[in-house]
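In this note's numbering, the protein residues as written are 953 to 1060. All residues carry an ideal CB built from backbone N, CA and C; glycine is no exception.
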């Protein structure tokens, strides 16, 4: 999975749980009270690459406390020490980008 310029938050067990490759950049990864990241893969070559994101704090010890990385596959440092400027968009605007030519629609 690859994700950029997004806000990732929530989850009752963790915000991000992965046993596969994950690449998130230029985003806000926010703690919702539970773990933020639960890395559950021991497959060689797999990584949860979360470097260069804002974690809602500039304290590396706090970020590390939010990560359960039993297999050493979560990469989070370097991180952004301040919030990353984001642009808010609605789902309607996202749908509009497809111009009505989605699945089940006829071209004009």
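Kindly indicate which residue of the options has the alpha-carbon position closest to the one of residue i.
{"i": "residue 1027", "options": "963, 986 and 976", "result": "976"}
{"i": "residue 1033", "options": "1015, 1022, 1006 and 1021", "result": "1006"}
{"i": "residue 961", "options": "984, 972 and 954", "result": "984"}
{"i": "residue 970", "options": "1036, 1037 and 1025", "result": "1025"}
{"i": "residue 998", "options": "1015, 965, 1021 and 967", "result": "1021"}
{"i": "residue 1035", "options": "968, 1004, 995 and 996", "result": "1004"}
{"i": "residue 1002", "options": "1015, 995 and 996", "result": "1015"}
Considering only DSSP beta bridges, list what residue i is partnered with.
{"i": "residue 1036", "result": "DSSP lists no partner for residue 1036."}
{"i": "residue 977", "result": "956"}
{"i": "residue 989", "result": "968 and 1019"}
{"i": "residue 1006", "result": "980 and 1032"}
{"i": "residue 1001", "result": "975 and 1027"}
Since I believe residue j is in contact with residue i (beta carbons under 8 Å), could you give me their beta-carbon distance rounded to a whole number of angstroms?
{"i": "residue 1008", "j": "residue 982", "result": "5 Å"}
{"i": "residue 979", "j": "residue 1010", "result": "With 8 Å as the limit, residue 979 and residue 1010 do not qualify as a contact, their Cβ atoms being about 16 Å apart."}
{"i": "residue 1018", "j": "residue 993", "result": "Their Cβ separation, rounded to whole angstroms, is 18 Å, which puts residue 1018 and residue 993 out of contact at 8 Å."}
{"i": "residue 986", "j": "residue 965", "result": "6 Å"}
Here's a check: name, in chain order, each residue in its chain whose Cβ is nearer than 6 Å to the Cβ of residue i, leaving out the five neighbours to either side.
{"i": "residue 1029", "result": "none"}
{"i": "residue 953", "result": "974"}
{"i": "residue 924", "result": "The structure shown does not extend to residue 924, since the chain is modelled only from 953 through 1060, so no value can be given for it."}
Is residue i close to chain D? Criterion is C-beta to C-beta, closer than 9 Å.
{"i": "residue 1019", "result": "Any reference to chain D falls outside this structure, which holds one protein chain only."}
Leaving out five residues before and five after residue i in sequence, what residues of the same chain have Cβ atoms less than 7 Å from its Cβ?
{"i": "residue 1012", "result": "1029"}
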